[in-house]
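Each protein sequence line maps, in turn, to chains L and C. Counting in the working numbering, the first sequence runs from 1 upward without gaps. Counting in the working numbering, the second sequence runs from 112 upward without gaps. Read through the structure below, which is laid out as C-alpha cells, and then see the notes.
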Amino acid sequence: DTGVSQDPRHKITKRGQNVTFRCDPISEHNRLYWYRQTLGQGPEFLTYFQNEAQLEKSRLLSDRFSAERPKGSFSTLEIQRTEQGDSAMYLCASSTDEKLFFGSGTQLSVL
Amino acid sequence: AQSVTQLDSHVSVSEGTPVLLRCNYSSSYSPSLFWYVQHPNKGLQLLLKYTSAATLVKGINGFEAEFKKSETSFHLTKPSAHMSDAAEYFCVVNPDNYGQNFVFGPGTRLSVLP
C-alpha cells in the first residue's frame, strides 16, 4: 500500500480566508477519519466517514468546518472564515477495522 | 465522558534500561485500548491494541502493555530502551467499541539518553 496521503503539507493563510485540505486514504480502506492536533496535545477527533457517509461528527466542531467524501475514496476538509485558533496540524487516517493508518498531516497556520 | 490520562508528559531513560509509560482510562464499557507512537515528522503508527482476548498484549519493536481492569490502567513497557524509541507516545481508547470516536491521551514524550 502507498499509505495515507495528505495535501498540502503546510498551509499559511490570513484570518477570514477559506482553506481546503485533501486526504487520499489507502485504497481498500472504507473508513476515513479527520483529527486535529495542537502542540503538546493528543489528536482530537473531528469526524468519521464510512464509505461516502459521514457517520460521526464531533460536537466541538464548529459549523465553519465541513468535510466530504463524495465517492467513498478521497476526502476534503474545508474551514471557512479561518480564525487564529484554527492553527493546528490536521490529520487524516483510514482503516478497515480499529487499526488506524495516519497520514503525515497538514500544518495550518492562520495569521 | 470517556477520557484517557497519561500520567507523565515526559519520561527520560538511558539506553538499555526499562521503559514504563503510564496510562489510565475511564470508560463506561469494556473499551478497546491502543498505544500509538509518533516520531518527529512522521505519521502516527499503531504499536499495539487490546481487545479483551488477553490482558498482556505484545506489540511491535519489543513493546508490551498490560490491561488491568481493577486499576483501569494500560501501561506500556519495554525491557530495554533503544535510541530509536525516542518519540511521542499516545494512549488511545475506543470507549464503546461501536463508535469510531477514538479518544487520544495528551501524550508522553520519551527521551532516550546514550
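Every residue, glycine too, gets a C-beta built ideally from N, C-alpha and C. Bear in mind that the values here come from a model prediction, so they are computed numbers and not experimental data.
Residue environment: residue 180 (chain C) is assigned as exposed (fewer than 16 neighbouring CB atoms within 10 Å of its CB, all protein chains considered).
Any Cβ of chain C closer than 8 Å to the Cβ of residue 54 (chain L) would place that residue at the interface, and such an atom is absent. Boundaries of the beta strand (DSSP E) around residue 221 (chain C): 219-224.
Cβ atoms of residue 44 (chain L) and residue 36 (chain L) come within 8 Å of each other, at about 5 Å.
Bounds of the beta strand (DSSP E) holding residue 19 (chain L) are 19-24. Per DSSP, reduced to three states, the secondary structure at residue 196 (chain C) is helical. Following the DSSP letters along the chain, one finds residue 135 (chain C) inside the beta strand (DSSP E) bounded by residues 135-137.
Here residue 144 (chain C) is near residue 161 (chain C), since their CB atoms are less than 8 Å apart. Membership of residue 12 (chain L) in the beta strand (DSSP E) is indicated by the continuous run 10-13. Unbroken beta strand (DSSP E) stretches of 3 residues or longer found wholly inside the region 161-197 of chain C: 167-169, 175-179 and 184-189, given in chain order.
Across the structure, residue 68 (chain L) and residue 76 (chain L) are spaced so that their CA atoms are roughly 5 Å apart.
Distances from the alpha-carbon of residue 212 (chain C) to those of L:83, L:55 and L:8 put L:55 closest. Taking CB atoms only, residue 170 (chain C) has no neighbour in chain L less than 8 Å away. Annotation for residue 57 (chain L): 47 place their beta carbon closer than 7 Å to its own, counting only its chain and skipping 5 residues before and after. The criterion of a C-beta distance shorter than 8 Å is satisfied by residue 94 (chain L) and residue 29 (chain L). CA-CA distance, residue 42 (chain L) to residue 114 (chain C), rounds to 12 Å. Only buried fits residue 6 (chain L), as 16 or more other CB atoms lie within 10 angstroms of its CB. Classified as buried, residue 142 (chain C) has 16 or more neighbouring CB atoms from the shown chains inside 10 Å of its CB.
Here residue 205 (chain C) is buried, its C-beta having at least 16 other C-beta atoms within 10 Å. Residue 8 (chain L) has its alpha-carbon roughly 6 Å from the corresponding atom of residue 106 (chain L).
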